[in-house]
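Counting from 1, one number per residue, gives the positions in the sequence shown under full-length UniProt numbering.
Below is one structure, written out as structure tokens; comments come after it.
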Amino acid sequence: MALVTGGARRIGAAIVRALHARGCRVVIHYRDSQTEALALAAELNADRPDSAACLRADLSDPVAVRRLASEARQCFGGLDLLINNASSFYPTPLAEATDQDWDALIHSNLRAPFLLSQALADDLARSGQGAILNLVDVYADKPLADHPLYCMAKAGLVMMTKSLARDLGPAVRVNGVAPGPILWPEQGGADQDAVLKASALKRAGDPQDIAGAVTWLALDAPYVTGQILAVDGGRSLALAGT
């Protein structure tokens, strides 16, 4: 069974569908996307009954995050995979960043994945094939201008991935996927042509590219842990040269 945060739409929904296609039962977490979450669960349950469920939680609230872990555990009687996909993204120039921005970006991108990993580590260890997959970002290594809080959070998530891989092994593997230009953010995105031209493949990727990488690391890579896989069309090569 897999819990996918932010699993109702965009890349999260692609990950949910990919894991479900491999036989996993899935718990689809959402915050505001109830309509999309229920529709996706209905679609998957029509294909295979009692294989998908939905849970709502605000990941900026630690009480709600721990409740999500407890409720996810109860959905199908155990847990094999935790996919920390949910993320907030928007610019926070230093002179303009607020306490609310800190809460929104640090909590969703870093604290919630940590709390879910903490709450579910024993369940993942008991499964015999437990794994945590964190969606990080190429900007965790090379900062994006005017996005210090987002970049800080994702950099922290990279280190959390490596730290937990060491601490939770051998029972639980922990890896990360760093998407490049896949789906443009609904806010905070700019200079799309320049980003694509700077990548080695000169094109945007597809949500299925991320879902395939997540599925491979989760299900088909038993000797891989503590790694960050960039799925970015070579965007990180250009960043490395800046």
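Backbone N, C-alpha and C fix where the C-beta goes; we use that ideal spot for every residue, glycine too.
For clarity, every value in this text was computed on a predicted model and none was experimentally measured.
Buried or exposed by the 16-neighbour rule on C-beta atoms within 10 Å, applied to residue i
i    : result
V4   : buried
L94  : exposed
R25  : buried
T130 : The question names Thr, yet the displayed sequence has Gly at residue 130. It is buried - the Cβ of G130 has at least 16 other Cβ atoms within 10 Å.
G128 : exposed
A46  : exposed
A14  : buried
M160 : buried
Nearest residue (CA-CA) to residue i, options the options
i           : options               : result
P207        : G12, G6, A165         : G12
residue 261 : L120, D50, G156       : This structure gives no information on residue 261, because the portion of the chain shown stretches from 1 to 242.
G23         : D50, Y30, P91         : D50
T98         : S127, H147, V214      : H147
N134        : A213, R48, D220, P222 : A213
R48         : I83, A21, M160, L168  : A21
Q118        : N45, I15, F89, P62    : P62
R31         : A14, A18, L19, S87    : S87
A125        : V231, L81, T215       : L81
T215        : G77, P91, I132, Y90   : I132
R235        : A18, L149, P222, V138 : V138
A211        : D167, A18, L237       : A18
Through-space distance from residue j to residue i, alpha-carbon basis
i    : j    : result
L68  : A57  : 6 Å
V65  : L116 : 7 Å
F114 : E43  : 30 Å
S108 : P179 : 17 Å
D101 : S60  : 11 Å
L110 : A165 : 16 Å
A171 : D220 : 16 Å
E96  : N84  : 28 Å
P143 : D103 : 19 Å
A230 : G77  : 33 Å
Y150 : P222 : 31 Å
D167 : M1   : 22 Å
Same chain, Cβ closer than 7 Å to residue i, five either side skipped, listed in chain order
i    : result
A41  : I28, A52, A53, C54
V158 : V136, A140, G176, I228
K162 : G226
V16  : V4, G7, V26, I28, L40
G169 : T225
Other residues of its chain near residue i: CB distance less than 8 Å, five sequence neighbours each side excluded
i    : result
V224 : R173, N175, L217
L38  : C54
R73  : L79, L120, D123
Own chain, CB closer than 6 Å to residue i, minus 5 neighbours either side, in chain order
i    : result
A153 : L105, I106, N109, L110
E71  : L55
R9   : S33, E36
C75  : V27, A53
A112 : L59, V65
Point to revise | Continuous beta strand (DSSP E) assignments of at least 3 residues falling wholly in the region 46 to 106 | key: Complete beta strand (DSSP E) runs here, min 3: 52 to 56, 81 to 84.
Exercise for review: Note down, one range per segment and in chain order, each beta strand (DSSP E) of at least 3 residues found wholly within the region 130 to 184.
Suggested key: Taking only runs of at least 3 residues, the beta strand (DSSP E) segments lying wholly in the region 130 to 184 are 130 to 135, 172 to 179.
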